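Asker:
There are 2 protein chains.
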Amino acid sequence: MNVFIVYAHPEPRSLNGALKNLAVETLTGLGHAVEVSDLYAMGWKAQADGADFLDRADAERLNYARESGHAFATGTQTPDVIAEQEKLLWADAVILQFPLWWFSMPAILKGWVDRVFAFGFAYGVGVHEGERWGDRYGEGKLMGRRAMLSVTIGGREPHYFERGVNGRLDDMLFPIQHGILFYPGMAVLPSYAVFQVNHVSDERWQEIAAGWQARLHGLFDEAPIPYRRQNAGHYDGRQVLKSGLGAGEGGTRIHLVQPGEPPERPLARKIAYETEAL
Amino acid sequence: MNVFIVYAHPEPRSLNGALKNLAVETLTGLGHAVEVSDLYAMGWKAQADGADFLDRADAERLNYARESGHAFATGTQTPDVIAEQEKLLWADAVILQFPLWWFSMPAILKGWVDRVFAFGFAYGVGVHEGERWGDRYGEGKLMGRRAMLSVTIGGREPHYFERGVNGRLDDMLFPIQHGILFYPGMAVLPSYAVFQVNHVSDERWQEIAAGWQARLHGLFDEAPIPYRRQNAGHYDGRQVLKSGLGAGEGGTRIHLVQPGEPPERPLARKIAYETEAL
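Protein chains in written order, with my numbering: chain P, 1 to 278; chain B, 1001 to 1278.
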């Protein structure tokens, strides 16, 4: 299988660098093909702006989403963005490796998302009419792929439980796991999170490495997070969760299929997307 | 009073630009002093990397937090970062004006946070010993200031309710409002969110503008979001919410003081911080 690792840390000898290297080695050893985008080493342009579009539809006033759709449709995206989209389409699994900075991804990685997840590619996909609000949340051009976050965290694990002072890690990652990865169709595995990373002894590194290798071995077998798919019957035509579902849950958790609930319906059709625009 | 607006949109004639301009005009008209950081116009460096430190403590291996603390303490931060920290210290209120891109802030604004919110300035502040885990979540160097997000959103409002397909806006903004703004001590007002911004008629703009002006008039009067302060008695020495508090709530909401709960205790002392390092 093909695995694409997007790696965002400025120091090659960091824990993030070590986890990235271990993933390459482990996955290659398992017979997978691996591609890495090392965003810092590539000098990835983080800010999304008008320079991202080689042939503006409106040269006077920049509407980023509109220009993104125009550039994607006309083949006038910048080469760096096209290369990343090709890696995403090539991949069977995508791993984002990054340190949790201010409870989210580093700016350079957010800029990878802002620029690469184009209109027509990662959003604005599929039919929007009547009660159908496009192909997203479980459907989309990245459907059929798996995704996983591998995150290093300075703080202590109990601070990231629901009642911990920072709040629950899965709530914090929801905008990324649900809003960025599941949105364009990827099945998202639980994150691999390592806490208290400021001082890692050799002994602790052995544990961290073993845990990471175990997760990498399960990359194509583990059950994904059971986020509800938008077009599989649990949301109504207004894109609101139907009453009776998510009972007893609150916050982001109501968007997970709960044990005992009526199953989602199979998706109506197998979706084949045109990718010639790339 | 002094108001600092951090504005992150690449198009001056955007709705974000109009909201920023209206804020400057309205707040100035109310007699406040206003400072704007227009991140795109400033060419703000988004990625956090080794170039942020003019005199590295360790020139061989980059530990970003450690170098951030060293640079802050020794006055060797870059001038762009120092200027933003000075604006934050000058301000009585801070407004972040941005479009919601992929359920979070644009990369350029995340990069403003990653670089400006230095160790010793926004985190790593105060005594860390025994059960005291530093000054954060309601205490810190930005204590006494107010903060508010003003966010434009492409989607429809019902999609951002708790049962809407995207999940609740306040859950999505929690890592920013709680994790970035409340963490270094600011009191956070509810966000001003405008939905379905792709086509805004003149009539709708009048409504949006009136709503925004009303919020700006209340900037120093409105009640902040009642996030629990770390050191005010609701969390135990492990930084975990004490049992009995947050009953009946789940997710991020358990970190809000609930009606009927025992009040937080007053903070033990008025904190005076040294800012000479700037």
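Even for Gly, the Cβ is constructed at its ideal location relative to N, Cα and C. For clarity, every value in this text was computed on a predicted model and none was experimentally measured.
Apply the 10 Å Cβ neighbour rule to P:T275 and answer buried if 16 or more other Cβ atoms are within range, or exposed otherwise.
Answerer: Below a pLDDT of 50, predicted positions are generally treated as unreliable, and P:T275, at 46, falls in that range; the measurement from the model is reported next regardless. Flag for P:T275 reads exposed.
Asker: Can you confirm whether B:W1205, when its beta carbon is compared against all beta carbons of chain P, has any partner nearer than 8 Å?
Answerer: Cβ-Cβ to chain P under 8 Å: no for B:W1205.
Asker: Could you tell me which residues DSSP puts in a beta bridge with B:I1095?
Answerer: B:I1005 and B:M1148, per the DSSP bridge assignment.
Asker: With H, G and I counted as helix, E and B as strand and the rest as coil, what does DSSP make of B:V1188?
Answerer: DSSP places B:V1188 in strand when its eight states are reduced to three.
Asker: If I follow the unbroken alpha helix (DSSP H) through B:V1113, where does it start and stop?
Answerer: A1107 to V1116 is the span of the alpha helix (DSSP H), which, as asked, contains B:V1113.
Asker: For B:L1054, count neighbouring C-beta atoms within 10 Å of its own C-beta (all shown protein chains included) and say buried if the count is 16 or more, exposed if not.
Answerer: Classification for B:L1054: exposed.
Asker: Closer than 9 Å by beta-carbon distance: list the chain B residues that pair up with P:R13, in chain order.
Answerer: Under the 9 Å cutoff, chain B gives E1060, R1061 and L1062.
Asker: Could you name the residues of chain B that P:H128 contacts, counting a contact when the two beta carbons are closer than 8 Å?
Answerer: Under the 8 Å cutoff, chain B gives no residues; its nearest Cβ is about 12 Å from P:H128.
Asker: Measure the C-alpha to C-alpha separation of B:N1002 and B:L1088 and round it to an integer number of angstroms.
Answerer: C-alpha separation (whole angstroms): 10 Å.
Asker: My guess is that P:F174 and B:D1170 are in contact by the Cβ rule of under 8 Å, so how many angstroms apart are they, rounded?
Answerer: About 12 Å separates the two Cβ atoms, so there is no contact after all.
Asker: Pull up the distance between the alpha-carbon of B:L1278 and that of P:P184, whole angstroms please.
Answerer: Residue confidence for B:L1278 is low, a pLDDT of 47 falling below 50, so the modelled location carries little weight; the figure read from the coordinates is stated next. The alpha-carbon atoms of B:L1278 and P:P184 are separated by roughly 44 Å.
Asker: Among residues of its own chain, excluding the 5 on either side of P:E222, which ones have a beta-carbon nearer than 8 Å to its beta-carbon?
Answerer: L189, P190 and R215, listed in sequence order.
Asker: With a cut-off of 8 Å on the beta carbons, I'd call B:L1062 and B:S1150 a contact; round off their distance for me.
Answerer: With 8 Å as the limit, B:L1062 and B:S1150 do not qualify as a contact, their Cβ atoms being about 34 Å apart.
Asker: Taking C-beta pairs closer than 8 Å, name the residues in chain P that B:H1199 reaches, listed in chain order.
Answerer: Under the 8 Å cutoff, chain P gives no residues; its nearest Cβ is about 10 Å from B:H1199.
Asker: What does the alpha-carbon distance come out to for the pair P:P263 and P:A193?
Answerer: Their backbone Cα atoms lie some 30 Å apart in a straight line.
Asker: Across which residues does DSSP place B:D1038 in a beta bridge pair?
Answerer: For B:D1038, which the question treats as bridged, DSSP gives the partners B:Y1007.
Asker: Report the residue ranges of all alpha helix (DSSP H) runs contained in full by the segment 128–184 of chain P; include only those spanning at least 4 residues, in chain order.
Answerer: DSSP runs (the alpha helix (DSSP H)) wholly in the segment 128–184 of chain P: 169–176.
Asker: Given that B:Y1235 touches chain P, what residues does it touch there, using C-beta distances under 8 Å?
Answerer: Simply V165.
Asker: Check whether the Cβ atoms of B:A1122 and B:G1140 lie closer than 8 Å to each other.
Answerer: Against a cut-off of 8 Å, the Cβ pair of B:G1140 and B:A1122 comes out as a contact.
Asker: Let me see if you follow: with CB-CB separation under 8 Å, is P:M172 close to chain B or not?
Answerer: Yes, P:M172 lies at the interface with chain B (some Cβ there is under 8 Å from its Cβ).
Asker: Please decide whether P:G154 counts as near chain B, where near means a Cβ-Cβ distance under 8 Å.
Answerer: Interface residue, yes.
Asker: Do P:A107 and B:G1111 come within 8 Å of each other at the CB atom, strictly closer than that value?
Answerer: Result yes, Cβ atoms of B:G1111 and P:A107 sit closer than 8 Å.
Asker: Should B:R1265 be labelled buried (16 or more other beta-carbon atoms within 10 Å of its own) or exposed?
Answerer: So B:R1265 ends up on the exposed side.
Asker: Given this structure, state the Cα-to-Cα distance separating B:E1025 from B:D1092, to the nearest angstrom.
Answerer: Each residue's Cα considered, the two are about 17 Å apart.
Asker: Would you tell me roughly how many angstroms separate the C-alpha atoms of B:G1251 and P:G250, rounded to the nearest one?
Answerer: Whole-angstrom Cα-Cα distance: 7 Å.
Asker: Name the two residues that bound the continuous alpha helix (DSSP H) containing B:N1021.
Answerer: L1015 to G1029 is the extent of the alpha helix (DSSP H) around B:N1021.
Asker: Label B:E1060 either buried or exposed according to how many other C-beta atoms from any shown protein chain fall within 10 Å of its C-beta, with 16 as the threshold for buried.
Answerer: B:E1060 is exposed by the Cβ-count criterion.
Asker: With H, G and I counted as helix, E and B as strand and the rest as coil, what does DSSP make of B:S1068?
Answerer: B:S1068 falls in the helix class under three-state DSSP.
Asker: Would the segment 1237–1257 of chain B and the segment 162–169 of chain P be scored as touching if the rule is three or more Cβ pairs under 8 Å?
Answerer: Result yes; three or more Cβ-Cβ pairs closer than 8 Å.
Asker: Please say whether B:G1155 and B:F1220 have beta carbons closer to each other than 8 Å?
Answerer: No, Cβ-Cβ distance for B:F1220 and B:G1155 is not below 8 Å.
Asker: Using DSSP bridges, identify the partner residues of B:S1104.
Answerer: Its beta-bridge partners are B:W1101.
Asker: Which residues, taken in chain order from the segment 1210–1227 of chain B, show a beta carbon closer than 9 Å to some beta carbon of chain P?
Answerer: Flagged: no residues at all.
Asker: For B:H1178 and chain P, any beta-carbon pair shorter than 8 Å?
Answerer: Chain P contact via Cβ: present.
Asker: Where P:M143 and P:A8 are concerned, what is the direct C-alpha to C-alpha distance, given to the nearest angstrom?
Answerer: The straight-line gap from Cα to Cα measures roughly 24 Å.
Asker: If the cut is a Cβ gap below 9 Å, which residues of chain B does P:F280 touch?
Answerer: Nothing about residue 280 of chain P can be read from this structure; chain P reaches only from 1 to 278.
Asker: Please report the residue range of the alpha helix (DSSP H) in which B:E1264 lies.
Answerer: Per DSSP, B:E1264 belongs to no alpha helix (DSSP H) and is neither H nor E.
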